[in-house]
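Protein chains in written order, with my numbering: chain A, 6 to 433; chain B, 6 to 176. What follows is a short report on a single structure.
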Amino acid sequence: MELTILCISFIGLLLLGVPVAFAIGLAAICTILYEGLPMAVLFQQMMSGMNIFSFLAIPFFIFSGELMLHGGIADKIVTLARSVVGHIRGGLGMSNVVACTLFGGVSGSPVADVSAMGSVMIPMMKKEGYHADYAVNVTTHASLVGALMPTSHNMIIYSLAAGGQVSIGTLIAAGVVPALVLTICMLVAAYCVAISRGYPAGRFPGWSAVMRSLVAALPGLLVIVIILAGIVTGVFTATESAAIAVVYSMLLTTFIYRTMTRQKFLKAAARAVKTTGVVLLLIGVSTMLQYLLALYGVADLAGDLLSHISTSPWAVFLMINIILFLLGTFMDMASTILICTPIFLPIAMKYGMDPAQFGIVMLINCALGLNTPPVGTTQFIGCAIGGISVGQVMKTIMPFYGALIAALLMVTYVPAFSMWLPNWLAKV
Amino acid sequence: MSTNKPQYSIFTRINRRLARYGMFFSVTGLFVIIAIVSYQVFGRYVLNDSPTWAENLALVLILYVTLIGAAVGVRDAGHIGMESLLILVPVRIRHKIEMIIHLLVATFGAAMVYNGYILGESVASYQLANVGISEAWRYLPLVLSGGLIILFSIEHFIALVKGTEVEPAWN
């Protein structure tokens, strides 16, 4: 009965339009009041869930991404990408994929990625004769790779939701190869569509131009190295690496690129605080939900339910993927991760999936959801920049969607994609 | 050319000011936390003396940054929610539903205030390790944030009754 109250009140509040964090909190309160337990237990859980040192990495990653977004690194990355792959058929589409991947590595956020790259690349592509739907689809899909990058705050959220079953270092290492797989899939999709539509090839600017653009973009890209190297080598914790990334981003955009003004800086800080408040409150109240889910053994119930349908790991992983994808289309990334991890991680582990691999599968599913209505945040931003409707973009989305699903299936069914690098690093 | 400043009620003026101060406080808090964690790294590798207070102080401060930032998010309607179903209903009903949503959010704010007070009071005599302040400081942001959430939700409710909108205090 308690579980029914929890589920019905949560879903009812969500459908009513109550923000996710408050819907979780109110549903948990209804349930605990029915149980006759003191409400303070829930708030104690909430505050404990927010009192973890690695939790601090989230606002730092968000702030570092905002600084890079407002600090003018986007232009340098686009120049670099154009000089490297712009001469291939459909060069601007290919450049867009590479630029989104590089900026995704710097910002760790698909939303920041599509805002920064989209505002530069989409108008540029339209101006050079590319169709708006192609420009938007390439940008919104390629930007999703940001969720798998070492700077991704969603990785920290997953690590927290997994309750210490996977270290942030392992998860970051696990994301590197899938990020490359996703990028390659996107490059193939962008290339095939460019061929079929007869988009032209650009001109190779020469190796000296490539080197010049690389030197200009390199200081910005170093932030990925700082975080990856710092965490993987164990020199810094994830939180310390993220704090150093913030300080580095501030110094870089202020003194080297000289693009950061006081106004931009305050805007970046204010946006970071706003996102931090929203995301971290969600994490806090999700601890309430996780407490109740554990109390009622929801993971076991869900596992039993799935095993009634099939006991084959292939089928179970497919079902989990479908459920995660469907939830991801309705909910924000952080909400999906926080609600689904305690339920589906134990099931995935029972069928032999490593928690780090499951984290990457979860992130790709959530990323797919970001590009699917009704709550397709990156798609909405891309369409707004491209001046095109979601319906028009959806008509030609299949090659790009197919590429993402191919990447998702590879990461789901071939553990080596996610686990090779962390396993290799553990041996070194 | 004359610029007409919008006329706000006293309640709105107070809330605008609270939201702005809350935002400045949270931004400053974020900078302080970054400085503390950076100093921790500096202390460990350069001074060879890792400050023991740094981690615990940063953990207390992040509660203030987060919870006050989240409260300001309520005023700015920045919280993540599913609005797609609301779009389907007529405007008049949508307004009624939005009023209910703000009342529900205010209820959660009230629960934050009440339970934050209960929890804070229960641990007030204990000291936070390495920081030397009462444990109650960890629960104070819950009370402050809950209070702000109540005020901001009521402001949204009143705006809906009047047929106006709450203007964000910061961008």
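All C-beta atoms, glycine included, are put in the ideal place defined by N, C-alpha and C.
- Using beta-carbon distances, V283(A) counts as an interface residue toward chain B, with a partner under 8 Å.
- Setting aside the 5 residues that flank it on each side, G123(A) is surrounded in the same chain by T144, I386, G387 and I390, each with a C-beta closer than 7 Å to its C-beta; the list follows chain order.
- Q49(A) reaches chain B at L124, counting residues in chain order whose Cβ is nearer than 7 Å.
- Around the beta carbon of F16(B), a 10 Å sphere encloses fewer than 16 other beta carbons of the protein chains shown; the residue is thus reported as exposed.
- With 16 or more neighbouring CB atoms inside 10 Å of its own CB, F422(A) falls in the buried class.
- By the neighbour-count criterion, in which 16 or more other beta carbons inside 10 Å mark a residue as buried, H107(B) falls on the buried side.
- Between T188(A) and T106(A), the beta carbon gap of about 5 Å places them in contact (Cβ cut-off 8 Å).
- Within the same chain, and ignoring the five residues on either side of M104(B) in sequence, the residues whose Cβ sits closer than 8 Å to its Cβ are F162, L165 and V166.
- Assignment of S130(B) by DSSP, reduced to helix, strand and coil, places it in the coil class.
- Look at A250(A): its C-beta is not under 8 Å from any C-beta on chain B.
- R94(A) carries a strand assignment under DSSP once its states are collapsed to helix, strand and coil.
- Per DSSP, E140(B) lies in no alpha helix (DSSP H) segment and is marked neither H nor E.
- P24(A) is the residue among V252(A), M265(A) and P24(A) whose C-alpha sits nearest the C-alpha of L91(B).
- The secondary-structure analysis by DSSP pairs A206(A) across a beta bridge with R94(A).
- Note that the region 154-172 of chain A does not touch the region 76-96 of chain A; fewer than 3 beta-carbon pairs, one per stretch, sit closer than 8 Å.
- Contact of A63(B) with chain A is assigned, a C-beta pair being separated by under 8 Å.
- For L430(A), same chain residues with a beta-carbon under 7 Å away, outside a window of 5 residues either side, are A178 and V237 in chain order.
- With its beta carbon at least 8 Å from every one in chain B, M399(A) lies outside the interface.
- Under the criterion of beta carbons closer than 8 Å, L72(B) and P146(B) qualify as touching, at roughly 4 Å.
- At a beta-carbon threshold of 7 Å, none of the residues of chain A lie near M104(B); the nearest stands roughly 11 Å away.
- Nearest to L256(A) by alpha-carbon distance, out of K355(A), P64(A) and S69(A), is S69(A).
- A direct Cα-to-Cα measurement between A206(A) and A62(A) gives close to 42 Å.
- With respect to chain A, the C-beta atom of V118(B) has no partner C-beta closer than 8 Å.
- Judged by DSSP secondary structure, N20(B) falls within the alpha helix (DSSP H) whose first and last residues are I15 to Y50.
- In terms of Cα proximity to M358(A), the closest of Y418(A), A250(A) and L375(A) is Y418(A).
- At a Cβ-Cβ threshold of 8 Å, L311(A) and I249(A) do not count as neighbours.
- Per DSSP, T383(A) is one residue of the alpha helix (DSSP H) stretching across T382 to G391.
- Around the C-beta of V94(B), fewer than 16 other C-beta atoms lie within 10 Å, and the residue is accordingly described as exposed.
- Neighbours of F113(B) in chain A, taken as residues whose beta carbon is under 8 Å from its own, are F27, G30, L31 and I34 in chain order.
- For L298(A), same chain residues with a beta-carbon under 6 Å away, outside a window of 5 residues either side, are P347 in chain order.
- Collapsing the DSSP output to three states places D337(A) in coil.
- Annotated three-state conformation of E133(A) is coil, per DSSP.
- With respect to chain B, the C-beta atom of V237(A) has no partner C-beta closer than 8 Å.
- In the displayed model, R263(A) falls within coil according to three-state DSSP, outside both helix and strand.
- Contact between K131(A) and A117(A) is ruled out by a C-beta separation of about 22 Å, above the 8 Å threshold.
- Inter-segment contact for the region 334-343 of chain A and the region 370-381 of chain A is present: three or more beta-carbon pairs are separated by less than 8 Å.
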